[in-house]
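In the order they appear, the protein sequences are chains P, S, A and Z.
For the first sequence, my numbering gives the first residue as 1, with consecutive numbering after it.
For the second sequence, my numbering gives the first residue as 1, with consecutive numbering after it.
For the third sequence, my numbering gives the first residue as 1, with consecutive numbering after it.
For the fourth sequence, my numbering gives the first residue as 1, with consecutive numbering after it.
All C-beta atoms, glycine included, are put in the ideal place defined by N, C-alpha and C.
These figures come from a predicted structure and were not determined experimentally.
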Amino acid sequence: MSRRIYVNGAVWLLLLTAALWLPLIGGYMALASRVLVYALAAMGLNLLLGFTGCMSFGEAAYFGLGGYGTGLFLTHLTHSTVLAVIAGTIVGGLAAFLFGPLVMRRRGIYFAMITVAIGQIFYFIAERWNSFTGGEDGLAGFSRQPLHLGFAIVPLDAVAFYYFVLFFFAIGAGVIALLLHSPLGHTFIAIRENRRRAQFLGIHVERYVWASFAIAGVIAGLAGALNALQNNFISPINLYWVESGNLVIMAVLGGMRSFWGPLVGAIIFVGIQDYVSSYFPNNWETFIGGLFIVAVIFFPNGILGIVRRRMKAA
Amino acid sequence: MSLLRLTNISRVFGKLVALQNVELEMEEGRLYAVIGPNGAGKTTLFNLISGFFPATSGEIWFDGRQINRVPAANRVALGLVRTFQITEVFPELSVFENVRIGVEAEARCSTRPWPGRALIRQINQRVEELLETTGLSAQAGRIVSELAHGDQRVVEVTMALSRRPKLLLLDEPTAGMGQEETAHMVRLIRDLHVRQQQSILFIEHDMDLVFGIADRITVLNYGKVLATGTPRDVAADPLVQAAYLGEASA
Amino acid sequence: MELLLFDAFNGLIQGTFYALMALGLSLIISLNSVINFAHGGFMVVGAYLAYTLAPYIGFWGALFAGPILAGFIGIIVERTLVRYMYGRPDPIYSLLLTFGFALIIEDVVRTIWGAQGLPFEIPSALNSPVSTTYFFVTGYRLFVIAAIALATIALFAFLRLSRFGIRIRAGILDLETVSTLGVNVYLLRSVNFAIGTLLAGFAGVLAAGILQLAPTMGDDVIMATFVAVVVGGIGSLLGSVLGGLLIGLAAGVTTAYYPAASDVVIYIIMAVVLIVRPRGLLGQEGLFE
Amino acid sequence: MSTERIKLPVQRRTILKAGVALGATQVMSPFVIKALGETPVKIGWIDPFTGTYAALGTSQLNGAKMAVGEINKKGGILGRQVQILAEDSAANVGQATEKLNKLVDQEKVDFTAGGVSSAEAAAMSHAANLKSMLYIAVGGHVDTITGTDCYWNTFKLCSDTWMLSEALCATLLKKFGKRWYFCTPDYAWGHFLYKGASTILDQAKGTNLGNAVLPLGATDFTSALIKVQQAKPDVFVVFQSGDDFVNLMKQATQFGMTKTMAFASPLLELEPEAALPVEARTGWGVMEWWWDQPNQPHVKEFVATYQKLYKATPSGRSWLGYAAAHSFALAAEKAKSIKAPKMARAMEGLVLPPEVALEPNNPYYRAGDHQCMITEFVGEVNQKGKYPDLFTVSEELAGEKLAKSPADKGCKMTFPA
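Here it is, written out as structure tokens:
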């Protein structure tokens with residue numbers, strides 16, 4: 001119990017002080033923001049993948065929709081960055097909520113395939129609906145606006161934006177943490193552990209899968225909204241199934257059963273991608289592919305899964 | 001009024017008739033056993049009662065309601081809770097956590113994302129109470145998959161109890177158990193029956209066990225009811241002796 | 001109306017490609033229990049190897065040599081990587097492993113053969129229309145249909161008539177029992193994986209006659225292949241063939257009415273199938289759940 | 001989903017160690033470079049090196065690397081050595097802007113350049129503007145970059161879509177009939193080209209028989225080709241590029257269509273032509289630069305050096321990359337500074353000298369919109385030729401005469417105060 005407090009304290013301390021230590025080890029704030037954005041999306045996905053036991057391979061759809069929601073909101077309606085984030089979150093969450101009933105009955109590979117199907121449908125809509133989404137060229141022409149805090153106007157430069165992202169990351173992570181320690185979270189885990197047992201304890205498994213799917217969608221939408229602001233740009237590629245695969249690998253790499261697993265996975269994945277693609281602009285895909293293979297063969301329980309086992313053994 | 005009544009139940013899988021015109025009636029507070037050789041349709045019968053799949057024909061009445069079309073999860077809320085022949089637990093969770101799932105479902109708070117402290121206390125108290133009842137308190141913190149087989153089955157029974165069943169359905173509760181474990185399970189079942197007047201319907205293979213504790217017995221063979229009655233009546237039934245006991249003792 | 005028929009015919013040609021790809025993928029899913037995301041990669045490898053060999057052994061030689069080499073690489077990959085996935089009940093691992101391998105294939109192909117597309121020459125006898133009215137029915141397209149039909153028939157004959165083929169089919173139904181009967185399951189799975197990748201390589205060589213031979217050639221095909229398998233029913237080889245033809249046809253017909261939707265229509269079909277009849281056209285219930 | 005019980009192969013530790021060792025050598029290398037020079041002038045180069053546009057992006061980078069080699073041999077920029085930091089955009093616009101921001105913030109590059117697709121170039125132009133960073137759009141032809149969305153910091157070396165359309169259509173109208181059919185990929189590049197070409201056709205009182213709009217990345221063109229064949233146009237104008245172009249040409253050739261109508265493309269490139277089978281190498285079109293200019297000084301030397309370096313003949317993309325990198329050096333010499341605003345002022349009106357221009361008509365960066373007035377090489381694909389002899393130039397048109405005025409393009413340039 002107390003170890004968990006130490007771990008959590010250390011994680012938050014590191015995240016809060018990133019601006020101080022990150023440049024020292026060769027990182028930069030935009031990279032840190034990107035790590036947080038993907039970590040948040042992967043943590044949302046992991047609620048579904050690692051804690052409810054549903055293999056979603058279409059989470060990028062809600063990630064991307066969150067981005068489009070934010071981008072379109074900023075383009076057409078408002079200049080409030082915070083409102084735009086909320087709008088994006090709602091768009092992503094609402095889509096997941098509405099499509100939940102279609103996916104909640106499926107299991108295993110079928111769950112993966114129907115989530116892919118829905119994701120790809122959104123992808124093609126975003127790509128073909130030129131007049132609204134900018135189509136293949138993507139949606140540009142919006143940018144994150146300074147924050148009006150009442151007492152001050154804060155321009156969102158790289159450092160400020162990192163803390164802006166961290167703020168929403170904290171909300172998202174906090175919601176997930178609370179959830180996992182609540183009866184609702186217990187029920188999700190029960191479904192992962194044994195669907196049949198859960199059903200014959202009177203739990204309407206499908207409704208809970210729906211709930212988990214919708215919540216994961218909300219989190220993905222929030223992350224997607226932040227992603228759109230990070231790049232001041234959103235394009236259909238953010239909805240593509242490959243992006244979903246990246247989120248899944250982050251969760252698996254870090255540890256699907258661990259709360260912080262996806263964060264660890266995102267740090268490694270985003271970090272390696274950024275680093276390796278700078279040194280091997282032609283061949284970085286081999287490294288990412290190799291990372292997938294190494295992760296799957298050698299770390300099926302993720303980095304944190306190994307850490308946890310070591311500690312248990314000690 | 002009877003607690004459970006099956007009228008003219010049949011179940012067909014393709015060409016195979018698993019159950020044929022089964023009648024069964026059970027009063028509240030009874031300890032009722034269903035026996036029969038392998039393939040007699042015992043588990044099929046349980047699956048029909050618990051809503052695993054629907055009956056091909058016939059009616060299932062429970063607590064004054066016809067429940068043919070009630071989904072499995074809702075039957076639990078009505079008070080019909082079952083265990084499985086092959087233990088179904090949440091293997092990677094602790095004993096406490098296993099039971100808590102059921103308690104939370106019973107408290108109708110499974111959907112609560114952030115419960116109050118009072119509720120949490122209530123839930124934990126109830127879990128401990130249940131663990132006390134079934135003698136698992138000492139094991140509360142252990143991961144279920146690491147427990148002995150017999151203990152895992154007790155966990156499953158405890159989980160079932162957490163839903164405060166009006167009727168507890170136990171599918172071969174002593175399957176695969178050693179002597180000691182079996183004795184423990186039998187004691188548990190009898191305790192529940194005697195001390196808490198828990199209505200129990202169970203399937204069993206072990207004849208001695210059934211005749212030792214059941215009030216009433218129904219014998220199934222090839223999907224049909226061969227005999228129903230008190231242990232003594234059933235034991236004396238020539239049909240049963242010929243078809244089942246004869247085989248078993250031979 | 002005429003145009004619609006043209007598009008339908010054209011869609012069927014596309015469908016035969018998907019069918020051939022789906023057939024290989026389905027074999028691997030059924031017996032190896034591996035979701036092979038690198039299937040598109042093997043298609044590309046087959047095509048490139050054929051391109052490299054063609055100057056020495058001619059188009060016809062390369063048509064066979066390319067796929068066989070792809071199958072050979074398949075065995076190596078199966079022995080060195082894929083085998084670790086056996087016995088892991090969750091398909092997510094094999095999916096991610098092969099996904100990673102697909103990235104590597106694309107990169108390696110680009111490094112060896114260059115990012116620039118390459119011209120793949122087909123025999124000039126096949127490279128012209130068979131009639132002036134139906135100018136879009138070229139000799140090559142008819143050849144492709146015939147070749148894929150032959151390959152499919154040959155595969156089914158192999159699975160029904162040869163001892164090894166019968167063992168593969170038995171293994172698809174119940175691998176455990178087959179292994180208790182003394183069949184070398186390791187060999188069975190290796191060969192099966194190789195057959196699957198060989199079929200992918202064959203599809204690649206045929207496709208290179210119509211599409212550009214480029215490292216990214218397999219990218220779009222892989223998802224369509226999955227759709228074909230799911231629509232046809234996971235675990236059913238015949239279903240995969242039907243699924244492939246069906247989605248090809250659907251994409252073709254959609255092109256006639258609303259070209260912008262020709263990509264998305266296959267996903268709509270898959271979503272509908274999964275909602276209404278999750279086991280697909282000919283699949284068995286409960287596999288891979 | 002029980003993952004806890006999976007058995008692991010034993011060699012995990014060994015492989016981990018190998019990975020760490022490998023990683024260490026990679027980390028070491030950048031420091032070695034840094035130790036050599038004092039502070040080099042850094043060019044951030046973002047192009048696709050993976051994905052569909054990898055071949056084009058690589059050509060651009062190769063040209064640029066060659067130019068940097070020459071610059072350094074001559075003493076660098078203002079006495080400092082020049083270094084190229086290349087990043088892969090994967091033709092993914094989000095990644096392109098991420099990489100640009102990284103190069104600016106993290107690597108502190110002095111200039112940025114690159115881009116193959118219009119979308120990534122436009123996005124990078126915008127991102128560079130936010131950072132007040134000089135950016136040369138090497139590829140990425142869409143009009144808006146030097147039109148409605150022009151920025152003081154952005155210069156465009158490649159032609160805009162209007163210049164390409166104008167160059168192509170003038171020749172087509174001269175040589176062929178006026179019944180045209182179009183095929184447009186569904187994104188900015190295609191739409192701009194169609195708008196340009198169809199307007200020119202209307203002005204010439206030609207007949208627009210139709211326009212098949214197809215998604216980017218389409219692999220099967222049969223349906224569109226059937227419609228085109230039925231319309232029997234004199235000219236079939238194809239706006240597809242890259243893989244789409246190759247697939248379309250392959251299929252049209254197999255249908256025998258290249259024998260019944262003229263094929264035309266506003267942007268022919270050596271890379272995709274090389275990817276076509278011999279019989280599909282046909283049609284008319286525009287090259288932005290061509291390696292075979294016997295009468296132009298310096299071209300032969302350039303081609304020879306490039307071939308020696310990269311075992312390939314320079315394409316239009318190679319030249320664009322080459323000229324872009326040289327432009328930075330030229331502008332810095334002129335401005336006597338590498339500060340972005342001074343450089344930008346210096347680049348306005350900057351004429352590329354013959355050894356960089358490698359083409360007639362003295363190309364220069366126009367002051368009003370920062371569009372480079374490069375020469376368009378109109379001609380016919382040479383079916384009989386072997387690589388790289390795949391194109392015959394019939395006309396060399398000066399960009400100046402083709403381009404719309406900055407005002408007509410809607411560019412309002414404002415420099416920071």
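- Message: Can you find the residues in the same chain that come closer than 7 Å, C-beta to C-beta, to S:Pro71, ignoring five residues on each side of it along the sequence?
- Response: In the second sequence, counting from the first residue as 1, residue 71 of chain S sits at position 71. These residues qualify, in order along the chain: Gly51.
- Note down the Cα distance separating S:Ala138 from P:Val175, rounded to an integer number of angstroms. Within the second sequence, residue 138 of chain S is the residue found at index 138, counting from 1. Within the first sequence, residue 175 of chain P is the residue found at index 175, counting from 1. When rounded, the distance between both Cα atoms is 33 Å.
- Pull up the distance between the alpha-carbon of Z:Pro388 and that of P:Ile219, whole angstroms please. Translated into positions along the fourth sequence, residue 388 of chain Z becomes position 388. Translated into positions along the first sequence, residue 219 of chain P becomes position 219. So the two alpha carbons sit approximately 53 Å from each other.
- Item | DSSP beta-bridge partners of Z:Thr207 | The count along the fourth sequence starts at 1 and reaches residue 207 of chain Z at position 207. Z:Arg179.
- Please check the pair P:Ser278 and Z:Glu87, which I expect to be a contact at CB under 8 Å, by giving their CB distance rounded to whole angstroms. Here residue 278 of chain P refers to the residue found at position 278 when the first sequence is read from its first residue. Here residue 87 of chain Z refers to the residue found at position 87 when the fourth sequence is read from its first residue. So it is a contact: roughly 6 Å between Cβ atoms.
- Query: Quick one: Cα of S:Lys166 to Cα of S:Ser199, how far?
  - Reply: Translated into the one-based positions of the second sequence, residue 166 of chain S becomes position 166. Translated into the one-based positions of the second sequence, residue 199 of chain S becomes position 199. About 6 Å.
- Message: Suppose you measure from the CA of P:Ile268 to the CA of P:Gly69; what does that come to, to the nearest Å?
- Response: Mapped onto the first sequence, residue 268 of chain P falls at position 268. Mapped onto the first sequence, residue 69 of chain P falls at position 69. One C-alpha to the other measures close to 28 Å.
- Message: Is there a C-beta anywhere in chain P that falls below 8 Å from the one on Z:Ala35?
- Response: The residue you call residue 35 of chain Z lines up with position 35 of the fourth sequence. Confidence at Z:Ala35 is low in this model, with a pLDDT of 41, below 50, so the placement of that residue should be treated as unreliable; the coordinate-derived value is given next. It does not: the Cβ of Z:Ala35 has no partner Cβ on chain P nearer than 8 Å.
- Quick one: which chain A residues come within Cβ less than 8 Å of P:Asn238? For the purposes of this step, residue 238 of chain P is taken as residue 238 along the first sequence, with counting starting at 1. Contact annotation for P:Asn238 against chain A: no contact, minimum CB-CB distance about 17 Å [criterion: below 8 Å].
- Counting only beta-carbon atoms, is Z:Ala121 nearer than 8 Å to chain P? Taking the fourth sequence and counting its residues from 1, the one referred to as residue 121 of chain Z is at position 121. Cβ-Cβ to chain P under 8 Å: no for Z:Ala121.
- Query: So is S:Glu92 in contact with chain C if we call contact Cβ pairs under 8 Å?
  - Reply: This model lacks chain C altogether; the protein chains it does include are P, S, A and Z.
- Cβ of S:Gly150 less than 8 Å from any chain P Cβ? The residue labelled residue 150 of chain S in the question sits at position 150 within the second sequence. It does not: the Cβ of S:Gly150 has no partner Cβ on chain P nearer than 8 Å.
- So, using beta-carbon positions, are P:Met250 and P:Gly265 closer together than 8 Å? For the purposes of this step, residue 250 of chain P is taken as residue 250 along the first sequence, with counting starting at 1. For the purposes of this step, residue 265 of chain P is taken as residue 265 along the first sequence, with counting starting at 1. Taking 8 Å as the Cβ cut-off, P:Met250 and P:Gly265 qualify as a contacting pair.
- Query: Going along chain S in order, which residues have a C-beta closer than 9 Å to the C-beta of P:Thr187?
  - Reply: Within the first sequence, numbered from 1, the residue matching residue 187 of chain P stands at position 187. Those are Ile101, Glu104, Ala105, Ser110, Thr111, listed as they occur along chain S.
- Would you identify the three-state DSSP class for S:Ser57, choosing helix, strand or coil? The residue given as residue 57 of chain S occupies position 57 in the second sequence. It is a strand residue.
- Message: Assuming P:Phe213 is part of the alpha helix (DSSP H), what are its boundary residues?
- Response: Indexing the first sequence from 1 puts residue 213 of chain P at position 213. Run containing P:Phe213: 205-231, per the alpha helix (DSSP H) assignment.
- Task: Below 8 Å on the Cβ atoms is my guess for S:Met177 versus S:Gly150; work out the distance and round it to an integer in Å.
- Result: To locate residue 177 of chain S, count along the second sequence from 1; it is residue 177. To locate residue 150 of chain S, count along the second sequence from 1; it is residue 150. That belief holds up - the Cβ atoms of S:Met177 and S:Gly150 are roughly 5 Å apart, short of 8 Å.
- If we count the other Cβ atoms within 10 Å of its Cβ and call it buried at 16 or more, is S:Glu172 buried or exposed? The residue you call residue 172 of chain S lines up with position 172 of the second sequence. When all chains shown are included, S:Glu172 counts as buried.
- Message: Taking the straight line between their C-alpha atoms, what separation do you get for Z:Ser132 and Z:Asn153?
- Response: The residue labelled residue 132 of chain Z in the question sits at position 132 within the fourth sequence. The residue labelled residue 153 of chain Z in the question sits at position 153 within the fourth sequence. Their Cα atoms are separated by approximately 7 Å.
- How would you write the range of the alpha helix (DSSP H) that S:Val81 sits in, first residue to last? On the second sequence, position 81 is the one that residue 81 of chain S refers to. Careful: S:Val81 lies outside any alpha helix (DSSP H), inside the beta strand (DSSP E) at 80-82.
- Task: Measure from the C-beta of Z:Met28 to each C-beta in chain P and report whether the shortest distance is under 8 Å.
- Result: To locate residue 28 of chain Z, count along the fourth sequence from 1; it is residue 28. Low confidence applies to Z:Met28: its pLDDT is 42, below 50, so where it sits in the model is not reliable enough to give any reading.
- Query: How is S:Arg30 classed by DSSP in three states: helix, strand or coil?
  - Reply: For the purposes of this step, residue 30 of chain S is taken as residue 30 along the second sequence, with counting starting at 1. DSSP, reduced to helix, strand and coil, places S:Arg30 outside both helices and strands of the structure shown, so it counts as coil.
- Message: Give me, in chain order, the residues of the same chain whose beta-carbon lies closer than 7 Å to that of S:Gly79; leave out the 5 immediate sequence neighbours on both sides.
- Response: Looking up residue 79 of chain S in the second sequence gives position 79. These residues qualify, in order along the chain: Asp63, Pro165, Lys166, Leu167.
- Nearest-angstrom Cα distance between Z:Met413 and Z:Ala122? Taking the fourth sequence and counting its residues from 1, one reaches residue 413 of chain Z at position 413. Taking the fourth sequence and counting its residues from 1, one reaches residue 122 of chain Z at position 122. If I take the Cα positions, the gap works out to 16 Å.
- Any idea what DSSP makes of Z:Asp88, helix, strand or coil? Mapped onto the fourth sequence, residue 88 of chain Z falls at position 88. Three-state DSSP puts Z:Asp88 in a strand.
- Message: Tell me the DSSP secondary structure of S:Phe62 in three-state form.
- Response: Numbered from its first residue, the second sequence carries residue 62 of chain S at position 62. Three-state result, S:Phe62: strand.
- Tell me where the alpha helix (DSSP H) around A:Gly243 begins and ends. The sequence position of residue 243 of chain A within the third sequence is 243, counting from 1. In the DSSP assignment, A:Gly243 falls within the unbroken alpha helix (DSSP H) covering 237-257.
- As assigned by DSSP and simplified to three states, the class of Z:Asn129: Here residue 129 of chain Z refers to the residue found at position 129 when the fourth sequence is read from its first residue. The answer is helix: DSSP assigns Z:Asn129 an H, G or I state.
- Query: Residues in its own chain within less than 6 Å of Z:Gly177 by CB, not counting five upstream and five downstream?
  - Reply: The sequence position of residue 177 of chain Z within the fourth sequence is 177, counting from 1. Taken in chain order, the residues that qualify are Asp234.
- Message: Among A:Arg277, A:Gly139, A:Ala251, whose alpha-carbon lies nearest the alpha-carbon of A:Ala125?
- Response: Position 125 of the third sequence, counted from the start, is the residue given in the question as residue 125 of chain A. Looking at the Cα atoms, A:Gly139 is the closest of the given residues.
- Message: Using C-beta distances below 7 Å, list every residue in its chain close to Z:Val303, excluding the 5 sequence neighbours before and after it, in chain order.
- Response: Stepping through the fourth sequence from its first residue, residue 303 of chain Z is reached at position 303. Counting only Cβ-Cβ distances below 7 Å, and skipping sequence neighbours, we find Trp291, Thr313, Pro314.
- Query: Does any C-beta atom of chain P lie closer than 8 Å to the C-beta of Z:Gln106?
  - Reply: Stepping through the fourth sequence from its first residue, residue 106 of chain Z is reached at position 106. For Z:Gln106, the answer is yes, since a Cβ of chain P falls inside 8 Å of its Cβ.
- Message: Which residues in chain P have a C-beta closer than 7 Å to the C-beta of S:Met159? List them in chain order.
- Response: Taking the second sequence and counting its residues from 1, one reaches residue 159 of chain S at position 159. Within 7 Å Cβ-Cβ: Leu201.
- Message: Give the list of continuous alpha helix (DSSP H) stretches no shorter than 4 residues that lie fully inside the segment 62-114 of chain Z.
- Response: 93-105
- Note down, in chain order, every chain P residue with its Cβ under 9 Å from the Cβ of S:Glu88. The residue given as residue 88 of chain S occupies position 88 in the second sequence. Simply Asn194, Arg196, Arg197, Phe200.
- Item | Chain-ordered neighbours of A:Ile35 on chain P, where CB pairs are closer than 9 Å | Taking the third sequence and counting its residues from 1, one reaches residue 35 of chain A at position 35. The answer, in chain order, is Ile109, Ala112.
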